[in-house]
Structures are given as structure tokens and as C-alpha cells.
Amino acid sequence: MTQQVSADPLSRGLARPPAALPLPARPAAAAAARRHAERLLAGWQLSTCLDTALLLVSELVANAVTATRAMAQAGFPAAWAPIELSVRRTGTSLVIEVRDPNPDPPVDGQPGPLDEAGRGLLIVDVLSSRWGHYAVDRGGKVVWCEIALPAATLS
8 MTQQVSADPL
18 SRGLARPPAA
28 LPLPARPAAA
38 AAARRHAERL
48 LAGWQLSTCL
58 DTALLLVSEL
68 VANAVTATRA
78 MAQAGFPAAW
88 APIELSVRRT
98 GTSLVIEVRD
108 PNPDPPVDGQ
118 PGPLDEAGRG
128 LLIVDVLSSR
138 WGHYAVDRGG
148 KVVWCEIALP
158 AATLS
């Protein structure tokens, strides 16, 4: 199991500026987020981690949509705020962050063998080097994960 950290992963070092994308909290947001991430990774010549990155983007965005919609169903007006995807390349890793307006921390699912949902954070945990979450000043949270870049891409 990877280490879960509740802090901004980039507070310890410099990173290239984030490429942020605001998204409506709707199921179609995951597809738009994947297209955005795919363009970024192609520009950064990171095809070796493309499939993993796109799966992690999908899982984090889907979780943010679910968290935001839960707030909307409970009647919170902030729930109509967009979610936001940021993808950053550091010297040694790729960091994927998704902000949503729900301040509640992410919850690991305990899915049964026949359940169709509840595995998102388990997938994030297995495929990322580490992941975590932190609160944001303007409300809500950011859930992030980090993928170690293969040595051949470190330049």
C-alpha cells in the first residue's frame, strides 16, 4: 500500500506551473479531463506513463464529481462550483490534483466482490507512488496522486 499523505505534494519543491482545467461536476467531466491530460502528457513526451495517468485522472475526477453531487443533493449552494484538474510535472514525477468543493476527506471504499463502485481510491493507491488530500483556503479539498517518472523521461 502506498503512503497516503495529507499535504500539498509540491510544498517540498519546485514544479512546472500547473495546467489547470475547470470542469462541471458531471459524469462527462472524466472524459474531458482525460483528453486534457493526454494532450499535456504528449507535449511533455510522457507516453510511457500515459495509460496509468489517464486512469488516475478518471478515478480522481469521478470521485470529485461524486463528492460534489453529494453536496448538491444535501442542498449546499457551493456544490455547483466546478471541480478543477491540475497536472504538474516535477523533476522526477507527475502530480495529478483534483479540487472539489466538498471539504470531507476521501473515504476508502470497502466494496464487495459484486459491487460496481467503491474501488477508485484502491486503484489510486496501487498505481501511484503516493497520494493524499489537503484542505484549500477557499473551501473544499484537493485529492492528489503522484506517479514516479521512468528514468528515461527525466531530463
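Numbers given in this note's numbering equal positions in the sequence shown, counted from 1, plus 7. Glycine included, each C-beta is placed from N, C-alpha and C at the ideal position.
| Asked | Found |
| --- | --- |
| Inter-residue CB distance, Asp107 and Ala74 (contact presumed, cutoff 8 Å) | 5 Å |
| Opposing strand residues paired with Val102 [DSSP bridges] | Arg95 and Glu153 |
| Residue nearest to Val68 in terms of C-alpha spacing, selected from Leu47, Gln80 and Leu128 | Leu128 |
| Coil, strand or helix - Leu28 by DSSP | strand |
| Chain-order list of residues whose beta-carbon lies under 8 Å from that of Thr37 (same chain, five-residue window excluded) | The question names Thr, but residue 37 is Ala in the sequence shown. Only Val64, Ser65, Val68, Ala69 and Val72 meet the Cβ criterion. |
| Closest residue to Glu153 among Arg41, Thr59, Pro31 and Pro34 (Cα-Cα distance) | Thr59 |
| Environment of Gly146 [buried if 16+ CB atoms lie within 10 Å] | exposed |
| Which of helix, strand or coil DSSP assigns to Ala35 | coil |
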